[in-house]
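FYI, my numbering numbers position 336 of the sequence shown as 355, with every residue one higher than the one before it.
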Amino acid sequence: MFFASDNWAGAAPEIVTAVVRAFSEPPVPSYGRDPSTARAEALLSHVFEREVAAFLLTSGTAANALSVAHLTPPWGAVYGHAFAHTLSSECGAPEFYSGAKLVPLGGPGAKITPGGIAVAVASARRGDPHSVQPATVTITNLTECGTLYTPAEVAAIGALCRAEGLALHMDGARFANAIVASGATPAEMTWKAGVDVLSLGATKNGAMAAEAVVFFDPARAADFLYRRMRGGHLLSKMRLVSAQFEAWFDDGLWLKLAGHANAMAARLSGRLAAKGVRLAWPTQGNEVFPILSVEAAARLRAGGAAFHDWGAPDLAPEPPVPSGHSVARLVCSYATTAEEVDAFVKAA
Ligand SMILES: Cc1ncc(COP(=O)(O)O)c(C=O)c1O
20 MFFASDNWAG
30 AAPEIVTAVV
40 RAFSEPPVPS
50 YGRDPSTARA
60 EALLSHVFER
70 EVAAFLLTSG
80 TAANALSVAH
90 LTPPWGAVYG
100 HAFAHTLSSE
110 CGAPEFYSGA
120 KLVPLGGPGA
130 KITPGGIAVA
140 VASARRGDPH
150 SVQPATVTIT
160 NLTECGTLYT
170 PAEVAAIGAL
180 CRAEGLALHM
190 DGARFANAIV
200 ASGATPAEMT
210 WKAGVDVLSL
220 GATKNGAMAA
230 EAVVFFDPAR
240 AADFLYRRMR
250 GGHLLSKMRL
260 VSAQFEAWFD
270 DGLWLKLAGH
280 ANAMAARLSG
290 RLAAKGVRLA
300 WPTQGNEVFP
310 ILSVEAAARL
320 RAGGAAFHDW
330 GAPDLAPEPP
340 VPSGHSVARL
350 VCSYATTAEE
360 VDAFVKAA
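The following block contains the structure:
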């Protein structure tokens, strides 16, 4: 009963096979000048229905931190949800690479709103050298509470960003799950809604370690190749990542894997709810957040279930999380089985 994270899962056989094949072939040029990297970059343009500039790397934190750094001057302000991975769980990497200030905002279900951003921007003292200057907004889709920004919600934030002259970054560590959940195309969820740069994560959805920074305006990516190298994230054997992306996109594998994870989460949440277990946030992708008593959580763990306590009860809808209870996070992956889900529900 492995529900701690989708990165506890191994990697899909198609991905492993592709990597083994890539490393069994004759030598190829290093540092991303190999044919597989060119094919992976072309695939990203195909998937997003426009010419993009894409940069492959191996960690989501690096993708977020380097993206934010590229969009934001050192005197800039970056607005994001206080609970967003970028602000809460990257040990200051975005601040380290950018030198900028990350400004935490609120919002239920870990979602920020155009209104919240507008208030923060209005209170910034533009033109005052004593104040950081509004520069970038970062949103996560799916969010850290498993909730979904619909394309319309992204577009509303995108419109505000345009009006205020801000760049819009999306952390897409679970982008595939968001695409399956929304039914939107990758283009509708990103550049058509005003997203400038996407951190696209494959690692949590069946890859071994594969992330991409995707610029929807290639001109905006100028010099990013230096930033990636200076940050220590240009792999010499880039086919390690490009082979994974090639396999991930082949025959829609990325959407099949995410579809399975989302379906398992829907099964888990539906069956828990039917047993009267309250969920902190609706299940919109591959994450389920039941409110469990401390005793129930301990009993489930003793029975072999792995999951994290998620905290953030203040982000949960009313009524408040009762004392002696906490919000648990259960994440389903491409590898989660229906038997595992049913065993957890039975134990719960
Ligand atoms: C929403 C989100 N963004 C980014 C990351 C960072 O990914 P990585 O662990 O590969 O640095 C994570 C990892 O848990 C995440 O959940």
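Beta carbons are placed, not taken as given, at the ideal position from N, Cα and C, and that holds for glycine.
### Message
Assuming D361 is part of the alpha helix (DSSP H), what are its boundary residues?
### Response
A357 to A366
### Query
Among the residues of its own chain, which have a CB less than 7 Å from the CB of G304, if the five just before and after it don't count?
L161, G165, L167, R193, N196, A197, A200, N281 and A284
### Query
Just to confirm, are G51 and L75 a CB contact at a threshold of 8 Å?
yes
### Query
Any chance the segment 321–339 sits against the segment 217–229, with 3 or more Cβ pairs inside 8 Å?
no
### Same chain, Cβ closer than 7 Å to K256, five either side skipped, listed in chain order
Closer than 7 Å at Cβ, skipping near neighbours: S49.
### Task
For R290, collect the residues of the same chain with a Cβ closer than 6 Å to its Cβ; drop the 5 residues on either side in sequence, then sort them by chain order.
V364
### Message
What does the alpha-carbon distance come out to for the pair A141 and P153?
### Response
9 Å
### Query
Cα-Cα, which of A354, V307, H65 and A229 is closest to A82?
Checked all of A354, V307, H65 and A229; the closest Cα to A82 is A229.
### Message
I want to see whether chain D comes within less than 8 Å of V214, judged by CB atoms only; does it?
### Response
Given the protein chain composition of this structure (a single chain), no chain D is represented.
### Query
CB-CB under 6 Å to P123, same chain, minus the five flanking residues each way: which ones, in chain order?
A101 and L106
### Message
Mapping the DSSP letters down to three states, classify P341 as helix, strand or coil.
### Response
It is coil, neither helix nor strand.
### Best match in R40, R239, R286 and P301 for proximity to T355 [C-alpha to C-alpha]
It is R286.
### Task
Ignoring anything shorter than 4 residues or poking outside the segment 271–308, list the alpha helix (DSSP H) runs there in chain order.
Taking 4 residues as the minimum length, the alpha helix (DSSP H) runs contained wholly in the segment 271–308 are 272–293, in order along the chain.
### Message
I want to check one thing, is the minimum distance from the CB of W163 to the heavy atoms of ligand 1 below 7 Å?
### Response
The sequence given here places Glu at residue 163; Trp does not occur at that position. Indeed, a heavy atom of ligand 1 lies less than 7 Å from the Cβ.
#### Entry: Limits of the unbroken beta strand (DSSP E) element including G99
G95 to H100 is the extent of the beta strand (DSSP E) around G99.
### Query
Say the cut is 7 Å; is the CB of T166 nearer than that to a heavy atom of ligand 1?
The answer is no for T166.
### Query
For the segment 76–146, which segments carrying the alpha helix (DSSP H) assignment without a break, of at least 4 residues, lie completely within its bounds, in sequence order?
79–90, 104–107, 112–117 and 133–142
### Three-state secondary structure assigned by DSSP to T56
helix
### Query
Sorry if obvious, but does the Cβ on T222 come closer than 7 Å to a heavy atom of ligand 1?
yes
### Task
List the DSSP bridge partners of S312.
H344
### Query
Whose C-alpha, out of P339, H344 and L319, is nearest the C-alpha of F21?
L319
### Task
Identify which residue in H89, A41, H188 and Y353 has its Cα closest to the Cα of M19.
Only positions 20 to 367 of the chain appear in this structure, which leaves residue 19 out of reach.
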